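Engineer: The structure's right below; bear with me while I get my questions together.
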Amino acid sequence: EDQVTQSPEALRLQEGESSSLNCSYTVSGLRGLFWYRQDPGKGPEFLFTLYSAGEEKEKERLKATLTKKESFLHITAPKPEDSATYLCAVLDSGQNFVFGPGTRLSVLP
Amino acid sequence: DTAVSQTPKYLVTQMGNDKSIKCEQNLGHDTMYWYKQDSKKFLKIMFSYNNKELIINETVPNRFSPKSPDKAHLNLHINSLELGDSAVYFCASSHLDREQYFGPGTRLTVT
Chain A
32 EDQVTQSPEA LRLQEGESSS LNCSYTVSGL RGLFWYRQDP GKGPEFLFTL YSAGEEKEKE
92 RLKATLTKKE SFLHITAPKP EDSATYLCAV LDSGQNFVFG PGTRLSVLP
Chain B
13 DTAVSQTPKY LVTQMGNDKS IKCEQNLGHD TMYWYKQDSK KFLKIMFSYN NKELIINETV
73 PNRFSPKSPD KAHLNLHINS LELGDSAVYF CASSHLDREQ YFGPGTRLTV T
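In order, the protein sequences belong to chains A and B. In case it helps, the working numbering puts the first sequence at residues 32 to 140. In case it helps, the working numbering puts the second sequence at residues 13 to 123.
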C-alpha cells in the first residue's frame with residue numbers, strides 16, 4: 032500500500048530564514064510526485080510536478096527536488112505570505128493519488 | 013474565470029437527510045475527483061472518474077455516489093447522512109496522470 036509521510040508536522044520560521052520540508056514516500060511505480068499549497072478555507076493550489084529522481088523545479092522562493100525515496104521543498108528567504116500548509120502527493124502505476132498529511136508553515140515577520 | 017467550481021460552499025443538514033454537492037470544471041480535463049478532508053486536514057480520495065471508468069476508494073460507504081451528466085460535471089450524492097460525514101469535500105480535475113486543480117471546497121456539517 033502506498034504511503035506518504037511529511038515532516039515536520041509544523042514549522043515556524045522567521046522572515047528570511049530558509050528551510051526545507053520533507054516528503055517521504057513508498058509507492059508501487061511512481062508516476063509523479065506533486066506539491067500543493069493550501070491556505071485556510073481554500074482548496075489546494077498546484078505548485079510542482081516531479082517525475083523522476085534527480086529532477087528539480089523552481090518557482091520564486093520555492094524549489095522542489097526528488098530522489099527515489101523522498102522529495103524536498105526548499106524555501107529560500109521566506110516571507111509571511113508563504114505561510115500555508117504544504118501538501119505532497121504521489122500518483123502510482125495504478126492511477127491512485129495519495130496525499131501526505133501536510134506541513135503547516137508559519138513565517139513570522 | 014473559475015476553473016473548478018463547487019456549490020454550495022456551506023451545507024448544514026440533519027442526520028438521515030440526503031444531499032448533493034455540485035462540481036463543474038471549465039478546463040477541458042478528462043478526469044474528475046472527489047476528496048474528503050477531515051478535521052485533521054487529511055485529504056483522502058473518494059472517487060476518480062473519466063468518461064471510461066469510475067474508480068471508487070473501497071473505504072467509501074455506498075451511501076456516497078458520484079454522478080456525471082457530462083465531462084465537465086461530477087456531482088456527489090450522499091444518502092442517509094451521518095455525523096461522521098461532517099468534513100470539507102473537494103472536487104478536482106486533471107488530464108489523466110497530470111496535476112489536479114481543486115475547487116474551493118464544500119463544508120458539510122451534519123447535526
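Where is the CB? At the ideal position from N, CA and C, for every residue including glycine. None of these values were measured; they are calculated from a predicted model.
Tell me, please, which residues DSSP counts as bridged to residue 138 of chain A.
Structural biologist: A:44
Engineer: With a Cβ-Cβ cutoff of 8 Å, do residue 99 of chain B and residue 48 of chain B count as a contact?
Structural biologist: yes
Engineer: Since residue 142 of chain B meets chain A, which of its residues come closer than 7 Å, beta carbon to beta carbon?
Structural biologist: For chain B, the structure presents residues 13 to 123; residue 142 of chain B sits outside this window and is missing.
Engineer: Output yes if chain B places a C-beta closer than 8 Å to the C-beta of residue 64 of chain A; else output no.
Structural biologist: no
Engineer: Could you check if residue 35 of chain A is buried or exposed, using at least 16 other CB atoms within 10 Å of its CB as the buried criterion?
Structural biologist: buried
Engineer: Quick one, which residues of the segment 122 to 133 of chain A are near chain B if we go by CB-CB under 8 Å, in chain order?
Structural biologist: 122, 126, 127, 128, 129, 130, 132 and 133
Engineer: Take the Cβ of residue 41 of chain B as the centre, count every other Cβ of all protein chains shown within 10 Å, and call the residue buried at 16 or more, exposed below.
Structural biologist: Buried.
Engineer: How many whole angstroms separate the CB atoms of residue 151 of chain A and residue 138 of chain A, which I take to be in contact at a CB cut-off of 8 Å?
Structural biologist: Lying before the first or after the last residue shown, residue 151 of chain A is absent from chain A, which here runs from 32 to 140.
Engineer: Between the C-alpha atoms of residue 77 of chain B and residue 32 of chain B, what's the straight-line distance to the nearest angstrom?
Structural biologist: Between the alpha carbons of residue 77 of chain B and residue 32 of chain B lies a gap of roughly 10 Å.
Engineer: Taking Cβ positions only, does residue 81 of chain B come closer than 8 Å to chain A?
Structural biologist: no
Engineer: Sort B:29, B:15 and B:14 by Cα distance to residue 120 of chain B and report the nearest one.
Structural biologist: B:29
Engineer: Would residue 75 of chain B be called buried (16 or more neighbouring beta carbons within 10 Å of its own) or exposed?
Structural biologist: exposed
Engineer: Find the nearest neighbour of residue 32 of chain A within the set B:16, B:69, B:106 and B:95, judged by alpha-carbon distance.
Structural biologist: B:69
Engineer: Show which residues of chain B have a CB atom less than 7 Å away from the CB atom of residue 74 of chain A.
Structural biologist: 102, 114, 115, 116 and 117
Engineer: Can you tell me which of A:135, A:63, A:92 and A:101 puts its alpha carbon nearest to the alpha carbon of residue 48 of chain A?
Structural biologist: A:92
Engineer: At the 8 Å Cβ level, is residue 118 of chain A part of the contact set with chain B, yes or no?
Structural biologist: With 8 Å as the cut-off, residue 118 of chain A counts as an interface residue toward chain B.
Engineer: Comparing the C-beta of residue 80 of chain A with each C-beta of chain B, is any distance below 8 Å?
Structural biologist: yes
Engineer: According to DSSP, which residues form a beta bridge with residue 82 of chain B?
Structural biologist: Partner(s): B:85.
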